[in-house]
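Once you know that position 16 of the sequence shown is 44 in the working numbering, the rest is easy, because the numbers rise by one and skip nothing.
Accompanying notes for the structure given below.
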Amino acid sequence: MRLIDGNVKESAVVYGSFGEHEGQLVTISGYIHRIREMTGFSFVLIRTRDDVVQCVYAPEFSDYRWDERLTEEATVKVTGKVVSGTDAKGEKRYELQIHAIEILSLPAEPLPIVINKKTLDGVHLNTILDYRPVSLRNPRERAIFKLQEGIARGFREFLSLNGFTEIHSPKINYAGAEGGTNVFKLDYFGKQVYLAQSPQLYKQALVGVYERVFEIAPVFRAEHHDTSRHLNEYISMDFEMGFIDGFEDVMNMETGVLKYIMNLLKTEYKKEAELLRADIPEITEIPAIKFTDAKALLMDKFKYKPTDMKDFDPEEESLLGKYAKKELGSDFLFVTHYPSVKRPFYTMDDPGNPEYTLSFDLLFRGLEITSGGQRIHDYNMQVNKMEKLGIDPAAFDTYLMLHKYGAPPHGGLGIGLERLTMHLLGFKNVREAAMFPRDINRVTP
């Protein structure tokens, strides 16, 4: 019998802490990222979970002799002596003088793409995505999703610190959350069900339990868009909060979330941010403009002629982003009071003008990353609006339990994780910010 005690040991020395081990023998685990043979010695770059470590092989370092089976992408354990030197900038750096290499595995075939350069520039995006399990090994590609981890982590930490409970809602639903047609239908043991467009109906229900809830999870939209902005499966960062005085409370909470996220990226994800040249914005407060005022601004200041007075097209969003940056000094802009016909059935109408809603979108550098607002909490008001929109309340009887048995004023939002990452890093295509993107053409790898 073998007993497992639960003690976890560290299998690799983090590169950044090598200075603590100068003159000592250490062991690191990783992939052979690159081998550069020189006269009388070789540089062996080892890609660990955190960094690319420079190791040097020379016969005089030890009795170990080079194994000719070693090749790029072999997984190995390298034991070596930590020594210091200076780089091209004159800054102190550390490397390993190799004393032994243990081969853990060898690749069966050469890589289909070259991943040991700084970037994958020159490789077509479709090729990068086709070989995603391999292309993600490139340090820059890997850094994208490490930074994205920081965004999700910041969202989670800030909300947890502010009394929110993390939830996990089902992704197979009896009805679409938005009440529209952009849903994926599923045969569920002979019944028709749908993939979740949003955790909306569940997070509202749980406001009645925890008051403040959030979720980070995939959502699914059956939209036939083949653009650089759209995915059919993406990660939505949602929260819902009860006992609000108005939808401005939700906007203030999001402002706090974004401040926290950006500060976290600047401090604990500095290495990735520098590698990716991320343009991380400073946030003090976020300006807001009403939808109708924004339309007037576009027509007056930019002489733009909208084709849809009920929504914004991408060019309008881009122009508003430029206006916010130049005139207001902000990378972000809230647009509030969207027309009721463009908002879901659960959105509260503006009592002063029911044609518009107590809702908002958040634009980040001219791209919508958030939709949110105040929800209807009164039972009769919700049923009346559903009937007015031709939605059968009986199909949403479990959702309406919240309203029927008492609900506080509440509101919330959803932030598209990939879209936020995309604009933070200046990408032209949202697929670059999706680890394994799903769109109308791609369901692999």
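Where is the CB? At the ideal position from N, CA and C, for every residue including glycine.
All of these numbers come straight from a predicted model, not from anything done at the bench.
* Of the residues 32, 467, 75, which one's Cα is nearest the Cα of residue 8? -> Because the chain in this structure spans residues 29 to 473, residue 8 falls outside the shown range and cannot be described.
* Taking 7 angstroms as the cut-off, decide whether the C-beta atoms of residue 293 and residue 444 are in contact. => Result no, Cβ atoms of residue 293 and residue 444 do not sit closer than 7 angstroms.
* Asked: With 16 as the cutoff for other CB atoms within 10 Å, does residue 393 come out buried or exposed?
  -> Around the beta carbon of residue 393, 16 or more other beta carbons sit within 10 angstroms, so the residue counts as buried.
* Asked: Residues in its own chain within less than 6 angstroms of residue 250 by CB, not counting five upstream and five downstream?
  -> Closer than 6 angstroms at Cβ, skipping near neighbours: 210, 211, 212.
* Buried or exposed (CB count within 10 angstroms, at least 16 for buried), residue 196 -> By the beta-carbon neighbour count (other beta carbons within 10 angstroms, threshold 16), residue 196 is exposed.
* Asked: Under 7 angstroms between the Cβ atoms of residue 183 and residue 285?
  -> In this structure, residue 285 lies closer than 7 angstroms to residue 183 by Cβ.
* Asked: In chain order, what residues of the same chain have a beta carbon less than 6 angstroms from the beta carbon of residue 165, not counting five sequence neighbours either side?
  -> Cβ neighbours of residue 165 beyond the five flanking positions: 143.
* Does the beta-carbon of residue 51 have 16 or more other beta-carbons within 10 angstroms, so that it is buried, or is it exposed? -> It counts as exposed.
* Asked: Can you name the residues that DSSP bridges to residue 489?
  -> Because the chain is modelled from 29 through 473, residue 489 falls outside the range shown and cannot be assessed.
* To do: Quick one: residues in its chain with C-beta nearer than 6 angstroms to the C-beta of residue 300, no 5 flanking neighbours on either side, listed in chain order?
  => These residues qualify, in order along the chain: 171, 174, 175.
* Asked: In or out: residue 74 buried (at least 16 other Cβ within 10 Å) or exposed?
  -> Classification for residue 74: buried.
* Asked: CA-CA distance, residue 201 and residue 169?
  -> Residue 201 and residue 169: Cα-Cα distance of roughly 34 angstroms.
* Asked: Distance, Cα to Cα, residue 66 vs residue 455?
  -> Going from the Cα of residue 66 to the Cα of residue 455 covers about 37 angstroms.
* With DSSP run on the structure shown, which of helix, strand or coil describes residue 260? -> Note: residue 260 maps to coil in three-state DSSP.
* **Three-state secondary structure (DSSP) of residue 427** => The answer is coil: DSSP assigns residue 427 none of H, G, I, E or B.
* Opposing strand residues paired with residue 105 [DSSP bridges] -> Bridge partners of residue 105: 57, 130.
* **Straight-line gap, residue 414 to residue 421 (C-alpha atoms, nearest Å)** => Those two C-alpha atoms are separated by around 6 angstroms.
* **Whole-angstrom C-beta distance between residue 334 and residue 323, which should lie under 8 angstroms** => Correct: roughly 6 angstroms between the Cβ atoms.
* Asked: What residue from 401, 198, 340, 380 has the CA that sits closest to residue 388's CA?
  -> Checked all of 401, 198, 340, 380; the closest Cα to residue 388 is 401.
* To do: Classify residue 458 as buried or exposed, calling it buried when 16 or more other Cβ atoms lie within 10 Å of its own Cβ.
  => Residue 458 counts as buried, since no fewer than 16 other beta carbons sit within 10 angstroms of its beta carbon.
* Expected contact under 8 angstroms - CB spacing of residue 72 and residue 85 to nearest Å -> At roughly 6 angstroms, the Cβ-Cβ gap stays under 8 angstroms, so residue 72 and residue 85 are in contact.
* State the Cα-Cα distance for the pair residue 270 and residue 339, rounded to the nearest angstrom. => In this structure, the CA atom of residue 270 is about 28 angstroms from the CA atom of residue 339.
* **Reduced DSSP category for residue 281 - H, G, I as helix; E, B as strand; rest coil** => Residue state, collapsed to three classes: helix.
* Quick one: give me the first and last residue of the beta strand (DSSP E) that residue 74 is part of. => 70–75 is the extent of the beta strand (DSSP E) around residue 74.
* **Of the residues 227, 199, 229, the one placed nearest residue 221, counting alpha carbons only** => Proximity to residue 221 across 227, 199, 229 peaks at 199, based on C-alpha coordinates.
* Which residues mark the beginning and the end of the alpha helix (DSSP H) in which residue 325 is found? -> For residue 325, the enclosing alpha helix (DSSP H) covers residues 319–329.
* Can you round the beta-carbon distance between residue 3 and residue 194 to whole angstroms, since I take them to be within the 8 angstroms contact cut? -> In the structure displayed, the chain extends from 29 to 473; residue 3 sits before or after that span and is not available.
* Asked: Helix, strand or coil: which one does DSSP assign to residue 220?
  -> Three-state result, residue 220: strand.
* In the DSSP assignment, find the unbroken alpha helix (DSSP H) run with residue 344 in it and report its ends. => For residue 344, the enclosing alpha helix (DSSP H) has its first and last residue at 342–356.
* Asked: Over what stretch of residues does the alpha helix (DSSP H) that includes residue 449 continue unbroken?
  -> Bounds of the alpha helix (DSSP H) holding residue 449 are 445–452.
* Asked: In angstroms, rounded to a whole number, what distance separates the CA positions of residue 70 and residue 64?
  -> Rounded to whole angstroms, residue 70 to residue 64 spans 6 angstroms at the Cα level.
* Asked: Which of the three DSSP states, helix, strand or coil, is assigned to residue 414?
  -> Helix, per DSSP.
* Label residue 266 either buried or exposed according to how many other C-beta atoms from any shown protein chain fall within 10 Å of its C-beta, with 16 as the threshold for buried. => Residue 266 should be labelled buried.
* Short check: CB of residue 290 to CB of residue 308, under 7 angstroms? -> Yes.
* To do: Measure the CB-CB distance between residue 430 and residue 180 and report whether it falls below 7 angstroms.
  => Going by beta carbons, residue 430 and residue 180 fall outside the 7 angstroms limit.
* To do: Please name the residue, chosen from 264, 344, 129, that lies closest to residue 99 on a Cα-to-Cα basis.
  => Ranking 264, 344, 129 by Cα distance to residue 99 puts 129 first.
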